Structure formats: C-alpha cells, structure tokens
Amino acid sequence: MGTVIAAPFTATLLGDFGAEVIKIENNNSPDAIRAWGVLEGGFQPWWSVVSRNKLPVTLNLRTTEGAEIFAGLVKKSDVLLENFRAGVLTRLGFPTERLLELNKGLVIGRISGYGQTGPYSSRPGFGTLAEGFSGLTFLNAQPDGPPLSPPLPLADMVAGLHLAFSTMIALRSTRRGEYGGQEIDVSLYEPLLGMLGATFLEYWLSGEIPQPFGSEMSNAAPRNNYQTKDHCWLALSATAQVPFERLMDAIGKPEYKTDPQFSTNEARIKKESRMELNRVIADWFAGMTLAEALKACEKHEITAGIIASMRDIAENPHVQERKTLLNIDDPVTGKTLRMPDVPIRLLDSPGKIRFSGLPMGAANEVVYQDLLGYSSAQLEELKLKKVI
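Taking this note's numbering, the leading residue of the sequence shown gets -10, the next gets one more, and so forth.
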C-alpha cells in the first residue's frame, strides 16, 4: 500500500531477501515514483530501483469489489505496509481492529510524516518537510549560508530502513508466539532526529542551540573537505588522536602534536584552532593533484578519500572488484540497466535483485488467480468495472 519511497523502500529491503512483495497501485492513479526522472526511451530509473523484486497489481479500494479483494490479500499476508496520512485506511474501511480480525497474526507497518498520534498526525508529510522538522536541514548548511535539504529522499529511506528492522522484530515475536499481530508506527522525522545522535542532548544540557558547521563537526576536528591542485575534492576525517598525529607529520607540522592549541580534541574544536588547521591542511592538499594526494595519504595512513561522482563510482576498480553494481534487464525496454546491488551481504543467505520494477498491473493475473483463486472471466469483469 506504500507510495513513492518510504514504505516501498521497506518492502524493497525485505524483497531483496526473499519476501514475496505485492505492490498495490490504484489503477486510476499510478505511483508518483514512476514519473521520477523518466529518461528518453521510457526508462523509469527510480521505479526500476525501488520497485525491484515486487509483483505490481492494480486495485481500487474505493469499490466494493476492490475492498473484498484487499481483504482477501490481508488474510493471505504476513505484513501490510502503508505510508498514508494517519487515518486513511480507517476511512477506507480498514481500521487496525478489522485488519487484525481478518488476520490475527498480521504485522501492520505504518510510516507517516508525523506519526499516528499527536496534533500533527493528520498533516500531510513528505520527506523534505520531515528533514526540516527533524533539525537535520537546519544543521546541513555552511555557517553563514541557507539551510540545505538533502539532494535525495533521505527521510523516506531512513524511515523505510527503520520500518524494515522493526518489521523483522515484530515477525520474529509473532513466530515465537510472544504476540499476535501488531501495529508499527514510524514517523518520517523521528528516525532522522535519532540519527543526529547526541545533538539534542547537547542542547538540553548546555542550553546552546547547535549551529551549522558545513562539512565539519562541532564536537570533533579536523574533519572537512579539501580541494586538490587539479580541482578535485577529498574528504578527510582525522579526529581521533592517532590519525591526527599522522596527519600533522605528513603536512610538516609535527609540532602541532604537542602544541596545547591542537594536542587534544577539546582544544582542536575551538574556533581559532579549527581555522588554523583548515588553513594548513587546505594548503597541503592544494599543492598536489588528486593522484598525488591519495598516494601521500596512503603512505602516511591518513584517513582521507575521494569525493566521488557517479562516473567515478562506475569506473572505480574497488567497486568493480566487489561487484557493487550489477547489470539487469529492463522488463519494459529490454535494455540492460546497471544499478547498485543489494548492499547487505549475508554470506550464507545473500540477498538478490531478481528483476527490476515491472509495468503497472503486470502481476494481476499471477496474484489474483494463483493466490486468491479468481478466474480469467472474473478478472475481465473487474477490469471493465475499473476495480483492477
């Protein structure tokens, strides 16, 4: 029942490891992600990635027959995932109580902008709003610049990851007989707030509002991005003591290792210390090409690496050797797609991308006939009535 990214990403992760995922779309309103970044030739890159390993069916729940079909699917399922605004399924005739009556062991995973309770629960919520509400966007800026939203659906994916994790916990509890079915309530903003770590606690204890630090961290230094002579960029994190001391040796500042202004992290995070460290590190990298800088970092065991573009990733020998990317045929165009493979590697039971996103309603016959027992004639009638 999920649309766009949040709950669908949960299903993507579960599907990678063998879950049979049925993707329900309203036949009158295709999932908006189908239109994200459509390329010449009909390629749907976001749909191809997020809807991999899923069986797409069409269904109009606002019809009597559609509601009956949905009830049949609920009875046959272990998990129901949705990311509607709070209360939408209830208004469609499927409150939590009825869902659990249909299937007492059902795990109901819900993602919404602000959660199922509270004064904001009925508000529409998109990832961009959640990123702002969580405090992330405020912090994601240069010190004197405007707040920046992430250039990807970060809140949706983080919430989807949290829901996948909690779904597995709920399923395990159900299998062990500790509980029957249960409901999971994940908001878009709370996982992001949690991933900001101790940022809120620091505010609570000090009373000082954490401010943007650009690519740096308020509580550890040095950590920043630096440009090389050939206009490439490197990310560096040398906040722990040993990496810091190696870095100072490499850039010709060994005296900074014992200088009270830099010798401890507590000293290094002060404004004057940060500025001086950024200056000398930036000067060092600016005097080398990217290749020279990487060679120097490897020689001195400095924790720095390239800031890669998608082209860099495609051509990188480490990425190629690990088979981070895979080729898979596009079911619509027949062309070969190259995309990231399953990022989690279980040695004994690895995940697998079996196929990319399928056309709308491609699995209607498989699901409705094989799983629910509808005949071909019944399906034709349902199509005429615009139920499927």
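By construction, the Cβ of each residue, glycine as well, lies at the ideal position given by its N, Cα and C atoms. Source: prediction; values computed, not measured.
- By the neighbour-count definition (other C-beta atoms within 10 Å, threshold 16), T(-1) is a buried residue.
- In this structure, the beta-carbon distance from N353 to V46 falls below 7 angstroms.
- DSSP lists L315 as the beta-bridge partner residues of M328.
- Note on geometry: alpha-carbon atoms of L125 and S155 lie some 23 angstroms from one another.
- In this structure D20 is in contact with T(-8), their Cβ atoms being roughly 5 angstroms apart against a cut-off of 8 angstroms.
- Under the 8 angstroms Cβ criterion, the segment 279 to 286 counts as touching the segment 216 to 231, having at least three qualifying pairs.
- Around the beta carbon of Q230, fewer than 16 other beta carbons lie within 10 angstroms, which makes this residue exposed.
- In the structure shown, the three-state DSSP call for S207 is coil.
- Annotation for K93: G169, G170 place their beta carbon closer than 6 angstroms to its own, counting only its chain and skipping 5 residues before and after.
- One alpha carbon belongs to P(-3), the other to E29, and they sit about 25 angstroms apart.
- Bounds of the beta strand (DSSP E) holding D174 are 171 to 176.
- Just so you know, the alpha carbons of R99 and V175 end up roughly 6 angstroms apart.
- Looking only at D248, P249, V269, the smallest Cα-Cα distance to G241 is reached by V269.
- S101 sits in a strand when the DSSP states are folded into three classes.
- For N16, there is no enclosing alpha helix (DSSP H), since its DSSP letter is neither H nor E.
- With a beta-carbon spacing of about 6 angstroms, A153 and L3 fall inside the 8 angstroms limit used to define contacts.
- For E9, the closest of L70, Q33, E234 by C-alpha to C-alpha distance is L70.
- At a Cβ-Cβ threshold of 7 angstroms, V376 and T52 count as neighbours.
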